[in-house]
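Engineer: Chains S and U supply the protein sequences, listed in that same order. Residue numbers 54 to 401, in this note's numbering, belong to the letters of the first sequence in order. Residue numbers 54 to 401, in this note's numbering, belong to the letters of the second sequence in order. Just so it is clear, CB atoms sit at the ideal spot from N, CA and C, and this is done for glycine as well. Mind looking over this structure? Questions follow.
2 protein chains.
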Amino acid sequence: MCKRLYFCIQIEKMKRITINDIAKNLGVTASTVSRALAGNTRVSLRTRELVLAKSKELGYQQNVLASSLRKGTSGTIGMIVPRINRHFFSNVISGVEEILNPTGYTLLITQSGENLAKEQKAVDMLLANHVGGIIISLSVQTQSYEHIQRAIDRGVPLVQFDRINPDIKSSKVINDNFTGAYLATKHLIKSGYKEIGHFTGTLSLNAYGERYRGYAKAMSESGLKINESFVYKDTITREAGYNAIVNALKEENKPDAVFCAGDYAALGVLDGLKEMGIKVPDEFGVVGFANEPFSELIHPTLTTVEQNAFEMGVRVATAMIKNMEGKYDQEIETISTRLIVRDSSWRG
Amino acid sequence: MCKRLYFCIQIEKMKRITINDIAKNLGVTASTVSRALAGNTRVSLRTRELVLAKSKELGYQQNVLASSLRKGTSGTIGMIVPRINRHFFSNVISGVEEILNPTGYTLLITQSGENLAKEQKAVDMLLANHVGGIIISLSVQTQSYEHIQRAIDRGVPLVQFDRINPDIKSSKVINDNFTGAYLATKHLIKSGYKEIGHFTGTLSLNAYGERYRGYAKAMSESGLKINESFVYKDTITREAGYNAIVNALKEENKPDAVFCAGDYAALGVLDGLKEMGIKVPDEFGVVGFANEPFSELIHPTLTTVEQNAFEMGVRVATAMIKNMEGKYDQEIETISTRLIVRDSSWRG
DNA sequence: GTATTTTGTGCAAACGTTTGTATTTTTGTA
DNA sequence: TACAAAAATACAAACGTTTGCACAAAATAC
């Protein structure tokens, strides 16, 4: 086992300081100590000060497990995101932490990896850990919702964000995908493109559905017709974007611009265009969605729609706390989005 | 509170199924159920099957809190990283999850935000939650280590990774920063640059110290002298990289290449060079460290050192499990790094 | 047939809190 | 001084498990 003897150390079971130790030490009972630590005014100021001093002296640290067990609620909130390393999600997480940390709630973060089975497991794990609530953004795969319902049936507050299912009864926070997509498409139109395509994800996911609607609205409003052969679904990765644009430009009727429902797909599109020697934005316009960090670093810089991820996290956490306090409400909150115009689309 | 009355639902305290419910239902005691669920052969096969069936029927889910309280160990592992949205760290996390998930351990992820106070708080939070172990990568700010020692003193297994303090007695997993930096610098030398600078972080952090050593070794080995005025510390952000290069090129003696201890700084350097109209790689060579996703997307593409983050996560988790099983050992594991040559440095 | 082992189960305490109720102490009032 | 009210503290049960020990029944050995 151990490479050398002197590397091995006997880890003795550390005796933790409990409220009983403090109680014995001060000649009071555990209940008094408990109340004193909670700041309960039913114990005299003198005793409270004594307890606080002694607990500091002994290095007392509350056993959250015991506390949660007794109180029946764990002060832990579970969060399930598709991928932790997506700019958008990690910023939502930061927003959630911003609100949760000061309140003493602990955040348990897990990734579904865009995989339904892992998402289901994650929910069960969180339930087993008796989390006080669950925050979730659905994986692209997720088409069955028993696991979500299971959580709700247990009475665990649920907040959905970004990738939501509108039919599930829970608080929801979403981006204004519709307006973002609408503005993006309008911008392409104003920039003089006529044959505007749309590369998107699974339309059954609310976020992508709304983006499609925004795109469609802008088109019809400007009297442009959507050519359905310019609309590619399940096209959200770099590779898929590349394949789609290569494919689209082989056809008789070619688009002269494309609004992608994600920056990665837009990146793939730019790859393809560069390879084919097509000039951006002169000959072809590209707009993405999400404002991934790379979007302003690539050449040409990518016009995209910014989602206010941090703000969304803040709202999500706030909604969760409200829910946990029993003020359950099903309202959908919408976070505004913003078009960021860069080089890939503007030929004003 | 609630906007409309029909949105408000009375969340009744859901009565969870406990082992007692199963016990009563089957006419046995809770202890038998507990043992049966644990697969203890001291209870008859028949009873075990009965219990399993009934628990499935009633939808029993273990109360992890009660179990942890009784057993004195929580099956939860805490992980503290500086920033969750750094490519490197989120990949380490994925690696850790890869190992931990199948074992049933739960991972509690927190960010220190490169901030000592938050890091200390995070440690205390994890201790209060009675985690079975702590995985940590230190923040750049961290110069005092009482909080780390506190955890060790409690007998909580600790694994440090990447940003470690070698003096703390714990398992450690690090990148081969030395070799990575050595190869990067050698490469610049081979590419014909002579006045090679180095932009780095806090040298007291092991990772940066080692990179400096690798840089120095390559230089001296090739008979080149390090010009200390070309070495900039605390230069790991884009902005700092920009400022440093602008500053460095104002001086009489100018570097003609720079090895940055991070890709973000290298990005800032490229910004500065572009602004000053200096051609890369013809007039100036740049190498980064970390292989951030953007490094292959920018123009010119950035030569950098790849760290095997996922592999590191796997090793970290493995070390942690070993530790938790009492096989404590202090060995330092090293994960290999690899130079990726791109356009920013090669004028072979 | 009795003595011993094996096997399966029950009992009860423990983990460290919290909290409703009971009890003691203090304070105020007549 | 006596008595009620208020304040401070103690008591004990509970949260849902796990686990050492006790015990009964069945199986085996002599």
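Could you pull the start and end residues of the beta strand (DSSP E) that ASN228 of chain S belongs to?
Structural biologist: ASN228 of chain S -> beta strand (DSSP E) spans 224-228.
Engineer: Using DSSP with H/G/I as helix, E/B as strand and the rest coil, what is TYR268 of chain S?
Structural biologist: Three-state result, TYR268 of chain S: helix.
Engineer: Evaluate ASP220 of chain U with the Cβ neighbour count: other Cβ atoms within 10 Å of its Cβ, from every protein chain shown; 16 or more gives buried, anything less gives exposed.
Structural biologist: It is exposed - the Cβ of ASP220 of chain U has fewer than 16 other Cβ atoms within 10 Å.
Engineer: So that I know if they touch, is there some Cβ in chain U lying closer than 7 Å to that of GLN114 of chain S?
Structural biologist: Yes, contact with chain U.
Engineer: Any Cβ of chain S within less than 7 Å of the Cβ of ASN182 of chain U?
Structural biologist: Closer than 7 Å to some Cβ of chain S, the Cβ of ASN182 of chain U qualifies, so yes.
Engineer: Hey, is THR387 of chain U's beta-carbon within less than 7 Å of any beta-carbon in chain S?
Structural biologist: Judged by the 7 Å Cβ criterion, THR387 of chain U is not in contact with chain S.
Engineer: List the residues of chain S whose Cβ lies closer than 8 Å to the Cβ of THR159 of chain U, in chain order.
Structural biologist: Per Cβ cutoff of 8 Å: LEU161, MET178, ASN182.
Engineer: Counting Cβ pairs, one atom from each stretch, are 3 or more of them under 8 Å apart for the stretch 100-115 of chain S and the stretch 299-315 of chain S?
Structural biologist: These segments do not touch.
Engineer: Leaving out five residues before and five after LYS225 of chain U in sequence, what residues of the same chain have Cβ atoms less than 6 Å from its Cβ?
Structural biologist: Excluding residues within five positions, the ones whose Cβ falls inside 6 Å are GLN213, ILE217, ILE385.
Engineer: Can you find a C-beta in chain U that's less than 7 Å from the C-beta of HIS352 of chain S?
Structural biologist: Yes, its Cβ sits closer than 7 Å to a Cβ of chain U.
Engineer: What are the start and end residues of the beta strand (DSSP E) that includes HIS251 of chain S?
Structural biologist: Note, HIS251 of chain S: beta strand (DSSP E), 249-252.
Engineer: List the residues of chain U whose Cβ lies closer than 8 Å to the Cβ of VAL117 of chain S, in chain order.
Structural biologist: In chain order: ALA181, ASN182, HIS183.
Engineer: Quick check: HIS240 of chain U and VAL284 of chain U, are their CB atoms within less than 7 Å of each other?
Structural biologist: No; because the gap between Cβ atoms is not below 7 Å, this pair is not in contact.
Engineer: Nearest-angstrom Cα distance between THR290 of chain S and SER273 of chain S?
Structural biologist: Near 27 Å, if we compare the C-alpha coordinates of SER273 of chain S and THR290 of chain S.
Engineer: Which first and last residues belong to the beta strand (DSSP E) in which VAL322 of chain S is found?
Structural biologist: Careful: VAL322 of chain S lies outside any beta strand (DSSP E), inside the alpha helix (DSSP H) at 316-328.
Engineer: Taking only the alpha-carbon atoms, compute the straight-line gap between LEU103 of chain U and SER87 of chain U and give it to the nearest angstrom.
Structural biologist: Rounded to the nearest angstrom, the two C-alpha atoms are 13 Å apart.
Engineer: Determine the direct distance from the alpha carbon of ASN168 of chain S to that of ASP206 of chain S, and round the result to whole angstroms.
Structural biologist: In a straight line, the C-alpha of ASP206 of chain S is about 23 Å away from that of ASN168 of chain S.
Engineer: Determine the burial state of THR156 of chain U: buried for a count of at least 16 other Cβ atoms within 10 Å of its Cβ, exposed for fewer.
Structural biologist: Exposed, because fewer than 16 other Cβ atoms sit within 10 Å of the Cβ of THR156 of chain U.
Engineer: In chain U, what lies closer than 7 Å to PRO346 of chain S by C-beta?
Structural biologist: What PRO346 of chain S touches in chain U: PHE347.
Engineer: Contact check, SER397 of chain S vs VAL358 of chain S under 8 Å by CB: the rounded distance?
Structural biologist: With a Cβ gap of about 13 Å, SER397 of chain S and VAL358 of chain S do not count as contacting.
Engineer: With three or more C-beta pairs closer than 8 Å as the rule, is the stretch 364-374 of chain U touching the stretch 256-276 of chain U?
Structural biologist: With the cut-off at 8 Å, the stretch 256-276 of chain U and the stretch 364-374 of chain U do not touch.
Engineer: When the cut-off is 7 Å and only beta carbons count, does LEU122 of chain U lie next to chain S?
Structural biologist: Answer yes: the Cβ-Cβ gap between LEU122 of chain U and chain S drops below 7 Å somewhere.
Engineer: Around the C-beta of ASN300 of chain U, are 16 or more other C-beta atoms found within 10 angstroms, so that it is buried, or is it exposed?
Structural biologist: Exposed, since its Cβ has fewer than 16 Cβ neighbours within 10 Å.
Engineer: Using the beta-carbon of each residue, which ones in chain S are nearer than 8 Å to ASN144 of chain U?
Structural biologist: Per Cβ cutoff of 8 Å: ASN138.
Engineer: Do you know how far the Cα of ILE137 of chain S is from the Cα of SER165 of chain S?
Structural biologist: The alpha-carbon atoms of SER165 of chain S and ILE137 of chain S are separated by roughly 9 Å.
Engineer: Which stretch, first to last residue, makes up the alpha helix (DSSP H) that contains ALA204 of chain S?
Structural biologist: ALA204 of chain S -> alpha helix (DSSP H) spans 199-206.
Engineer: Give the DSSP-derived three-state secondary structure of TYR59 of chain U in the structure shown.
Structural biologist: The pLDDT assigned to TYR59 of chain U is 30, lower than 50, so where the model puts this residue is not dependable; a value taken from the coordinates is nonetheless given after this. TYR59 of chain U falls in the helix class under three-state DSSP.
Engineer: Since GLN196 of chain U meets chain S, which of its residues come closer than 9 Å, beta carbon to beta carbon?
Structural biologist: Chain S residues near GLN196 of chain U: none, gap ~22 Å exceeds 9 Å.
Engineer: So TYR185 of chain S and THR126 of chain S are in contact, right, with Cβ under 8 Å, and what is the actual spacing, rounded?
Structural biologist: Looking at the sequence shown, residue 185 of chain S is not Tyr but Gly. Correct: roughly 5 Å between the Cβ atoms.
Engineer: Out of U:HIS140, U:VAL81, U:HIS183, U:LEU98, which has the shortest C-alpha to C-alpha gap to ILE130 of chain U?
Structural biologist: Comparing Cα positions, the closest option is U:HIS183.
Engineer: Quick one: Cα of LEU79 of chain U to Cα of THR85 of chain S, how far?
Structural biologist: Looking at the two C-alpha atoms, the distance is approximately 40 Å.
Engineer: So which residues of chain S does SER127 of chain U contact, with C-beta pairs closer than 7 Å?
Structural biologist: Result: LEU118.
Engineer: Buried or exposed: where does MET329 of chain S fall if 16 or more other Cβ atoms within 10 Å of its Cβ makes it buried?
Structural biologist: Label assigned to MET329 of chain S: exposed.
Engineer: First and last residue of the beta strand (DSSP E) that includes VAL81 of chain U?
Structural biologist: Looking at the DSSP string, VAL81 of chain U is not in any beta strand (DSSP E), and its letter there is neither H nor E.
Engineer: Give me the chain S residues within the contact set of GLU359 of chain U, using Cβ-Cβ distance strictly less than 8 Å, ordered along the chain.
Structural biologist: None at all; the shortest Cβ gap to chain S is about 16 Å.
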